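*Asks:* Quick one: this structure, given as structure tokens, is what I'll be asking you about.
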Amino acid sequence: MTVATVGVHIVDILARPVEHIPEGQDTVLVDQIRMTAAGSAAGTAVDLVKLGNDVVTMGAIGDDELGGFLLAVLGRHGVDASRLVRRAGEQTAASILPIRPDGGRPSFHVPGANLGVTLADLDAAALRGARAVHLGGMDVTFGLGDPAFFALLDELRASGTIVTMDLLSELPDLLGMARAFLPHVDYVLPNETQAALMAPATEEPRPAGDGTVVAAAERAARALLAEGPRGVIVTLGAEGSLVVTADGARHVPAIKTEVVDTTGCGDAYCAGFLTGLLHGHDVMTAATWGTAAAARVATGLGSDAGITGLDSTLALLD
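Read left to right, the sequence shown gives residues 9 to 326 (the numbering used here).
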């Protein structure tokens, strides 16, 4: 396989547009309801396949109906889900997302089987056979914070495998635990809030149009870079993204698009970024590929929306 994704697998149930939760037993009509394969491993896996990569995904799901749905959807998209472990009697992780008219996405979430993923659930041989490994949601897959897994990641990197990491939560305690992965990955891709909460002695970003968010993100990214990765790429929503490496910091503007739903934009960015690296491009070019993939996903409902192929995605950069 070209890429192995490891970590969080979620079924998303989305509805749009939702302006309020009705009182009592009232009903509100919406334009669209979808169920999708989502999460920092599953959602990224789908986008990676759409961008032309062969992908195997690993983690844990329940033996319930949602787990069966997730396997079916991943298979339909062409993701190899044969290594997903099914936990007897456990719930498959799921989220209900009422999408606001502006594309915002509050959520109701059950973490389910994701919390129990361990190194024993992973196929080490398949990981060794991948050109890249993407870790999705290491802040909530507690069992993977294992020295033996860190040693495997170090082995993979030493052999030339690219290792990237994305995060899921915005809870300081969980993000603090995920810092242990930083010496064992090549690139970490948090959003601006995650970067600020994860980095020591940095302030949280304040929304502003005067560069305040970018400056705060750079301070956090530099603090994270000092802990071991080759690069820190902070996604900034409408502000674009910030790429920080030993060579310095560079801002990548967002691509203007009509936003329908922001669900999965971070996963899409990771998929585009990693695809760029696998095509032999430098970090800045890969970041523009991530930007284009995120812009495509924002145009539809769900984490698998918008992206139909690599060429059509990169057309946004013309």
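Every residue, glycine too, gets a C-beta built ideally from N, C-alpha and C.
Just so it is clear, the structure is predicted and the values come from calculations on it, not from any experiment.
I'd like the ranges of any alpha helix (DSSP H) spanning at least 4 consecutive residues and lying wholly in the region 66-122.
*Replies:* Correct list: 73-85.
*Asks:* So, with DSSP's three-state summary, where would you put V19?
*Replies:* Here V19 sits in strand by DSSP.
*Asks:* By alpha-carbon positions, which one of G51, L74, G76 ends up nearest to V64?
*Replies:* G51
*Asks:* Taking the runs of the alpha helix (DSSP H) that are 4 residues or longer, which of them lie wholly in the region 153-190?
*Replies:* 155-166, 180-186
*Asks:* Report back the beta-carbon spacing between V14 and G67 to the nearest angstrom; my notes put them in contact at under 8 angstroms.
*Replies:* 6 angstroms
*Asks:* Would you kindly report the start and end of the unbroken beta strand (DSSP E) that includes V251?
*Replies:* 249-253
*Asks:* Beta-carbon separation of L105 and L22 under 8 angstroms?
*Replies:* yes
*Asks:* What number of angstroms, rounded off, separates the C-alpha of A80 from the C-alpha of G256?
*Replies:* Straight through space, the alpha carbons of G256 and A80 are spaced by roughly 43 angstroms.
*Asks:* With DSSP as the reference, please indicate the residues paired to H142 in a beta bridge.
*Replies:* DSSP lists T13, T172 as partners of H142.
*Asks:* For the pair the region 154-165 and the region 189-207, tell me if three or more CB-CB distances fall below 8 angstroms.
*Replies:* Contact between the region 154-165 and the region 189-207 is present, because at least three Cβ pairs lie under 8 angstroms.
*Asks:* With DSSP run on the structure shown, which of helix, strand or coil describes T44?
*Replies:* strand
*Asks:* Verify whether the separation of the beta carbon atoms of M292 and R258 is less than 8 angstroms.
*Replies:* yes
*Asks:* Determine the burial state of T271: buried for a count of at least 16 other Cβ atoms within 10 Å of its Cβ, exposed for fewer.
*Replies:* buried
*Asks:* Considering R304, what are the terminal residues of the alpha helix (DSSP H) in which it resides?
*Replies:* 291-305
*Asks:* Given that a residue counts as buried once 16 or more other Cβ atoms are within 10 Å of its Cβ, and exposed if not, what is L250?
*Replies:* Buried: at least 16 other Cβ atoms inside 10 Å.
*Asks:* In the DSSP assignment, the alpha helix (DSSP H) including R136 goes from what residue to what residue?
*Replies:* Boundaries of the alpha helix (DSSP H) around R136: 132-136.
*Asks:* Grab me the residues of P395's own chain with a C-beta within less than 7 angstroms of its C-beta, minus the 5 sequence neighbours each way, in chain order.
*Replies:* Because the chain is modelled from 9 through 326, residue 395 falls outside the range shown and cannot be assessed.
*Asks:* If you drop the 5 nearest sequence neighbours on each side, which residues of the same chain put their C-beta closer than 7 angstroms to that of E178?
*Replies:* T201, Q202, L205
*Asks:* To the nearest angstrom, report how far apart V222 and V240 are at their CA atoms.
*Replies:* 13 angstroms
*Asks:* With DSSP run on the structure shown, which of helix, strand or coil describes D218?
*Replies:* Note on D218: pLDDT 49, under 50, position unreliable in the model; no value is reported.
*Asks:* Report the rounded CA-to-CA distance for G137 versus A89, giving the unit in angstroms.
*Replies:* Looking at the two C-alpha atoms, the distance is approximately 16 angstroms.
*Asks:* Residue range of the alpha helix (DSSP H) that A257 falls in?
*Replies:* First-last for A257: 256-260, but that is the beta strand (DSSP E), not the alpha helix (DSSP H).
*Asks:* Are the Cβ atoms of D8 and R95 separated by less than 8 angstroms?
*Replies:* The requested residue 8 does not occur in the structure, where the chain is confined to residues 9 to 326.
*Asks:* Might you give, ordered along the chain, the residues of its own chain that have their beta carbon closer than 8 angstroms to the beta carbon of A102, omitting 5 neighbours on each side?
*Replies:* I18, V19, D20, I21, L74, H117, V118, G120
*Asks:* Leaving out five residues before and five after T10 in sequence, what residues of the same chain have Cβ atoms less than 6 angstroms from its Cβ?
*Replies:* So the qualifying residues of the chain are N61, D62, R139.
*Asks:* Tell me whether K264 is buried or exposed, calling it buried when 16 or more other Cβ atoms sit within 10 Å of its Cβ.
*Replies:* exposed
*Asks:* Output yes or no for whether 8 angstroms exceeds the beta carbon distance between C278 and H142.
*Replies:* yes
*Asks:* Pull the bridge partners of G239 from the DSSP assignment, please.
*Replies:* Y195, T253
*Asks:* For the candidate residues G310, L325, V252, A246, whose alpha-carbon lies nearest to that of G280?
*Replies:* L325
*Asks:* Might you give, ordered along the chain, the residues of its own chain that have their beta carbon closer than 7 angstroms to the beta carbon of G236, omitting 5 neighbours on each side?
*Replies:* Once the five neighbours on either side are set aside, the close Cβ partners of G236 are L190, P191.
*Asks:* Tell me which same chain residues have a C-beta within less than 7 angstroms of the C-beta of A323, skipping the five on either side of it?
*Replies:* none
*Asks:* Using the DSSP secondary-structure output, state which residues sit across from R24 in a beta bridge.
*Replies:* Q40
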